[in-house]
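There are 2 protein chains.
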Amino acid sequence: MKRKVKILGTGSYVPKRIVNAQEIDVIIGKTEGWSEKKSGVKQRYFVEDETASYMGAEAAKSAIEDANISLSDLDCIISASGTNEQAIPCNAALIQKQLGLEGSGIPCFDFNSTCLSFVTALDMMSYAIDQRRFQHVLIVSSEISSVGLNWSQHESSILFGDGACAFILSHSNEASGIIASKMETYSEGAIFSEIRGGGTKIHPKNYSEQSANDFLFDMDGRAIFKLSYKKLPDFLEGLFNQTGLTVQDMQMVIPHQASKSAMNIIRKKLGVKEERFMSIIENYGNVIAASIPLAFHEAIRAGKLKRGDLILFLGTSAGLSIGGIILEY
Amino acid sequence: MKRKVKILGTGSYVPKRIVNAQEIDVIIGKTEGWSEKKSGVKQRYFVEDETASYMGAEAAKSAIEDANISLSDLDCIISASGTNEQAIPCNAALIQKQLGLEGSGIPCFDFNSTCLSFVTALDMMSYAIDQRRFQHVLIVSSEISSVGLNWSQHESSILFGDGACAFILSHSNEASGIIASKMETYSEGAIFSEIRGGGTKIHPKNYSEQSANDFLFDMDGRAIFKLSYKKLPDFLEGLFNQTGLTVQDMQMVIPHQASKSAMNIIRKKLGVKEERFMSIIENYGNVIAASIPLAFHEAIRAGKLKRGDLILFLGTSAGLSIGGIILEY
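Chains as they are written, first to last, in full-length UniProt numbering: chain L, 1 to 329; chain X, 1 to 329.
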């Protein structure tokens with residue numbers, strides 16, 4: 001049964017500093033054109049002085065304006081990011097503070113399923129909103145990947161960017177809603193994308209020249225793709241079987257912006273034309289959990305989506321997880 | 001309306017190593033008896049070789065046995081902890097792997113609201129379970145505080161312990177259910193309990209002798225207590241007003257095991273007798289988000305609770321947040 005939620009507004013923030021493919025080529029010591037050819041990323045943004053909570057709050061303010069509500073209308077603030085600003089407290093509380101809502105009492109907490117964090121938060125919160133626990137929930141994904149990249153691992157370091165995106169997810173008795181959703185986790189692929197350090201297993205106090213790489217992102221792109229590609233057909237069948245719909249009924253597929261080559265293969269596998277498969281990786285890189293909401297936000301801004309359209313959010317994440325949501329916008 | 005969920009089973013795991021108050025006195029250079037008098041903690045457990053995912057999986061296995069279901073009956077695995085094993089992937093995926101479910105596809109993700117993570121997960125997942133998205137959800141809190149304590153900050157370091165607790169939360173048409181719940185966050189208190197480092201703001205690569213304390217827990221207990229004590233009456237009124245109940249209808253109050261002195265003041269404020277206010281801090285210390293589920297688990301093991309009893313979960317966390325759930329066991 002469709003969960004009665006509506007994406008009332010969206011907003012984004014990107015850091016001031018644009019980093020183009022040529023700059024990346026220099027960093028990694030390759031000839032000009034190498035990183036763009038390999039990753040499909042023409043440019044991405046890296047933070048200068050911006051913090052995750054600052055970016056998240058800026059994206060949130062835009063989403064609030066877009067939704068035509070006030071800050072005081074919010075009754076829940078959620079951070080749904082693969083990266084955190086600090087170990088304690090949760091990002092959502094830091095975003096609340098940045099929004100000047102420090103005395104409001106609006107509940108704040110975080111979801112984490114790495115690149116799928118936003119999709120998971122949207123999926124799970126739709127039940128609480130449908131049941132009228134909350135009227136207007138702010139879901140923010142604010143990601144700083146640049147600080148944790150391993151520049152000696154070219155395959156991963158050339159892909160990522162920083163940025164934030166926010167949705168206002170609201171209760172609605174209109175046609176809008178989440179029609180179906182599904183998530184699967186195969187931890188046989190847990191080691192395919194990791195930052196092994198930074199938690200209780202390899203605490204920052206163990207940081208040294210020898211352990212430095214444990215605190216940086218480590219990815220085996222080929223293994224991730226192989227496992228997720230194998231699982232995808234059954235996953236999609238399970239997702240669409242909850243509905244009377246097929247992927248051809250989707251006005252737009254909004255995929256996780258993992259890498260251009262992976263996205264191309266998935267698009268062909270789905271049998272979806274380019275104009276119905278939103279790609280922003282060229283201009284933003286992979287912005288971790290902010291990728292899917294940002295691609296959706298850009299599709300709206302570009303006039304590619306209208307109310308009533310059926311949309312598929314589809315992504316993978318460290319875990320390894322696959323997640324999807326079919327919604328009516 | 002009561003959400004149709006039932007705590008079908010509970011389980012716990014504590015590390016092999018017991019650390020008594022005398023050992024703590026030696027670590028912090030105080031005379032024997034000082035730390036116990038100050039904190040009320042006679043002993044706590046610290047990990048030796050245990051990881052968070054190992055402890056979480058052990059607690060989960062006990063809960064599954066207690067619930068009389070099989071591993072394969074799980075349809076969602078959630079980690080609800082204030083600490084993480086590693087930065088990527090999420091704890092829940094690592095717990096799935098420890099459980100030997102790496103090929104199962106069971107969805108895995110994390111909630112984080114620091115010490116309230118478990119309460120938040122219970123609260124939010126109750127909507128998805130009530131709406132039949134899931135039948136049996138494993139919620140695990142597995143905490144390793146010992147690695148992040150600042151032994152020069154006596155006020156906080158003498159309080160904490162390590163350990164894990166797990167619930168099987170299941171759909172049920174019986175009387176069991178969540179009757180009411182509430183959460184409030186006041187980020188004016190965000191700086192009262194922090195680990196400033198470890199995220200994107202102060203990345204582990206900035207670790208040095210000078211920055212070392214930024215990677216350890218920093219707490220102003222007096223400020224936390226003052227703010228939460230001020231907010232508590234209105235919070236409780238808002239929580240109980242959703243019901244026809246009062247705190248006197250509760251068979252048992254299960255508070256966050258923040259500190260013995262704070263718990264005593266809260267108990268008196270609530271007007272609840274000692275036998276109806278579960279305290280395990282003497283034997284476990286403050287086990288972060290595992291505190292409330294572990295106190296509940298111990299209350300059941302001690303025969304203090306039976307099906308049909310009304311119970312209040314009540315806690316505070318970094319953020320600063322206050323959270324509460326009224327449920328029928």
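For glycine and all other residues, C-beta sits at the position ideal for the given N, C-alpha and C.
Using beta-carbon positions only, say whether X/Ile18 and X/Ser53 come within less than 7 Å of one another.
-> no
Applying a beta-carbon distance threshold of less than 8 Å, which residues of chain A neighbour L/Glu188?
-> The displayed structure is made up of protein chains L and X, and chain A is not among them.
Please check the pair L/Ile202 and L/Asp214, which I expect to be a contact at CB under 8 Å, by giving their CB distance rounded to whole angstroms.
-> 5 Å
Do you know offhand how far X/Ile158's Cα is from X/Gln257's?
-> 13 Å
Scan the region 190-213 of chain L for residues whose Cβ lies nearer than 8 Å to a Cβ of chain X and list them as they occur along the chain.
-> Ala190, Ser193, Glu194, Ile195, Arg196, Gly197, Gly198, Gly199, Thr200, Lys201, Ile202, His203, Pro204, Lys205, Tyr207 and Ala212
How should L/Ala212 be labelled, buried or exposed, when 16 other C-beta atoms within 10 angstroms of its C-beta is the threshold for buried?
-> exposed
Checking contacts by CB at 7 Å: is L/Tyr127 closer than that to chain X?
-> yes
Roughly how many angstroms separate the alpha carbons of L/Ser156 and L/Ile24, rounded to a whole number?
-> 12 Å
Helix, strand or coil for X/Ser170, going by three-state DSSP, please let me know.
-> strand
Return the first residue and the last residue of the alpha helix (DSSP H) that L/Leu227 is part of.
-> Gly221 to Phe240
Where L/Met278 and L/Glu50 are concerned, what is the direct C-alpha to C-alpha distance, given to the nearest angstrom?
-> 27 Å
For L/Ala93 versus X/Pro89, is the C-beta spacing smaller than 7 Å?
-> no
Applying a beta-carbon distance threshold of less than 7 Å, which residues of chain L neighbour X/Val147?
-> Thr200 and His203
L/Ala223 versus L/Tyr229 - alpha carbon distance | 10 Å
Can you check whether the CB of X/Thr185 is closer than 7 Å to the CB of X/Ser321?
-> yes
Presumed contact (8 Å Cβ cut-off) between L/Gly82 and L/Thr114, rounded CB distance = 4 Å
Provide the residue(s) that pair with L/Leu327 in DSSP beta bridges, ordered along the chain.
-> L/Ile178 and L/Ile311
Pick out whichever of X/Ser104, X/Lys97, X/Ser146 and X/Gly11 has its Cα sitting closest to the Cα of X/Lys61.
-> X/Gly11
Would you mind listing the alpha helix (DSSP H) stretches within the region 18-67 of chain L that are 4+ residues and don't spill past its ends, in chain order?
-> 21-28, 34-39 and 52-67
Is the region 271-285 of chain X touching the region 63-78 of chain X, taking contact as three or more C-beta pairs under 8 Å?
-> no
Which residues, taken in chain order from the region 168-188 of chain X, show a beta carbon closer than 9 Å to some beta carbon of chain L?
-> Ser181, Lys182, Met183, Glu184, Thr185, Tyr186, Ser187 and Glu188
Quick one: is X/Ala302 buried, meaning 16 or more other Cβ sit within 10 Å of its Cβ, or exposed?
-> exposed
Nearest-angstrom Cα separation, counted from L/Gly103 out to X/Val41 = 33 Å
Whose CA, out of X/Ala289, X/Lys231, X/Leu294 and X/Leu99, lies closest to the CA of X/Lys269?
-> X/Lys231
Coarse secondary structure for L/Ile195, derived from DSSP in three states | strand
What in chain L is Cβ-close to X/Cys90, meaning under 7 Å?
-> Asn112, Ser113, Thr114 and Gly319
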